[in-house]
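In terms of this note's numbering, the sequence shown opens at residue 53 and continues consecutively. What follows is a single structure, written as structure tokens, with notes after it.
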Amino acid sequence: MKTDEQTPMNAIDPSVIEDPQTGRWWMHYGSYFGGLFCVELNPVTGLTRQKNDYGHLIARRANYKKDNLEAPEIIYNPELKKYFLFVSYDPLMTTYNVRVGRADKPEGPFLDYAGHDLKDTTNNFPILTAPYAFEGHPGWAGTAHCGVWREENGRYYMFHQGRLSPENQLMVLHTREIFFNAEGWPVVSPERYAGTKSRRFTVKDMLGEWEIMRVIEPLHERQLEAGQVLWGEGQLVDDEINRSSVYHFEKDKTLREGGRWSFYADKQLLDLTIKGESIRNLIIFAGHDWERQTETILFTGLDQRGRSVWGKRIR
53 MKTDEQTPMN
63 AIDPSVIEDP
73 QTGRWWMHYG
83 SYFGGLFCVE
93 LNPVTGLTRQ
103 KNDYGHLIAR
113 RANYKKDNLE
123 APEIIYNPEL
133 KKYFLFVSYD
143 PLMTTYNVRV
153 GRADKPEGPF
163 LDYAGHDLKD
173 TTNNFPILTA
183 PYAFEGHPGW
193 AGTAHCGVWR
203 EENGRYYMFH
213 QGRLSPENQL
223 MVLHTREIFF
233 NAEGWPVVSP
243 ERYAGTKSRR
253 FTVKDMLGEW
263 EIMRVIEPLH
273 ERQLEAGQVL
283 WGEGQLVDDE
293 INRSSVYHFE
303 KDKTLREGGR
313 WSFYADKQLL
323 DLTIKGESIR
333 NLIIFAGHDW
343 ERQTETILFT
353 GLDQRGRSVW
363 GKRIR
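What follows is the structure in structure tokens.
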């Protein structure tokens, strides 16, 4: 496949998958100015099944000539019998972030957390990654353009770029474990993968001091060109980076800063109530605290609006 300036789509960022039920092959590709497309491939030649076929639209943003949308990554979860389409929003050097939709078929339609079709130009959720900074670290920008891999044991991992703030010039690879929540949506670890041995936790393990972060979309509006920041404007401003807040989990199941917590040891799930908002089924697991260079307890999940909620125990 080849596109040019006369073609409404952009032939970049391919992700290919085979439908295990039918044996048909599909390629997902595209970028901001035309949207993301899906086209059927010939599994023998690797070319499009029909000559000059560019496929059909599967995702688009409203202000598509300005607001970046690219990097489709398609996977199949055989346990859930769902296809998940991961996409990246916004400028790659700054507020790059990962969203996801799901479908019953590899060719779509892909729906978001609210049931909206990804091609309907709505602002889609869940949001899985976005620029962030825990205490003791300048933070990371550009946390998107992901690849996803399923291990033979059924564990999933996301690989994406990360740019070290504040200059955002140095780009390195981040690896995060993916979990699927009770509603069947993927969520990712707040910390990069370090091979930490899995273990189960008790209610007593929850006591102490935690950093909790709400992963939300960037609120700052910038002038962009071709979906990217202007030259020399690569640093994040305050409304473009998510920062953590400290909460103390007390023995009486309250939060010292206001709110409550409940831990379910049988399912290794945590519920929080913060400022009157209930956040349920947060997944508890062991991981590495990269900012403090120690093993700790982590959690990840989604709030009721499809924004990720991250946490780690620090004391």
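Glycine residues also receive a C-beta, built at the ideal position from the N, C-alpha and C atoms. Please read these numbers as outputs of a predicted model, since none were measured by experiment.
- Contact annotation: the segment 184 to 198 touches the segment 140 to 147, with at least three C-beta pairs closer than 8 angstroms.
- Of the other Cβ atoms in all chains shown, 16 or more fall within 10 Å of the Cβ of Val-361; this residue is therefore buried.
- Judged by DSSP in its simplified three-state form, Glu-261 adopts strand.
- Its chain contains Met-61, Leu-109, Ile-110, Ala-111, Arg-112, Arg-113, Tyr-116, Leu-121 and Lys-171 as the residues whose beta carbon lies nearer than 8 angstroms to that of Gly-87, once the 5 sequence neighbours on both sides are disregarded; these appear in chain order.
- The Cβ atoms of Ile-179 and Ile-293 do not sit closer than 8 angstroms to each other.
- With 16 or more other Cβ atoms inside 10 Å of its own Cβ, Lys-364 counts as buried.
- Every unbroken stretch of the beta strand (DSSP E) spanning 3 or more residues and falling wholly within the segment 207 to 242 is given here in chain order: 208 to 216, 223 to 232 and 238 to 240.
- The three-state reading of DSSP puts Lys-364 in strand, counting E and B together.
- Cβ-Cβ distances below 8 angstroms link Gly-199 to Glu-125, Met-210, Phe-211 and His-212 in the same chain, with the five nearest sequence neighbours on each side left out; the list follows chain order.
- Beta-bridge annotation (DSSP): Gly-199 is paired with Phe-211.
- The DSSP-derived three-state label of Leu-271 is coil.
- The beta carbon of Pro-130 sits closer than 8 angstroms to the beta carbons of Pro-72 from its chain, once the five residues preceding and following it are set aside; these are given in chain order.
- Trp-201 is classed as exposed because its beta carbon has fewer than 16 other beta carbons within 10 Å across all chains shown.
- In its chain, beyond the 5 residues on either side, Arg-228, Glu-229, Gly-339, Leu-350 and Thr-352 have a beta carbon closer than 7 angstroms to the beta carbon of Ser-241.
- The beta-carbon distance between Val-91 and Tyr-106, rounded to whole angstroms, is 6 angstroms. This is short enough to meet the 8 angstroms contact definition.
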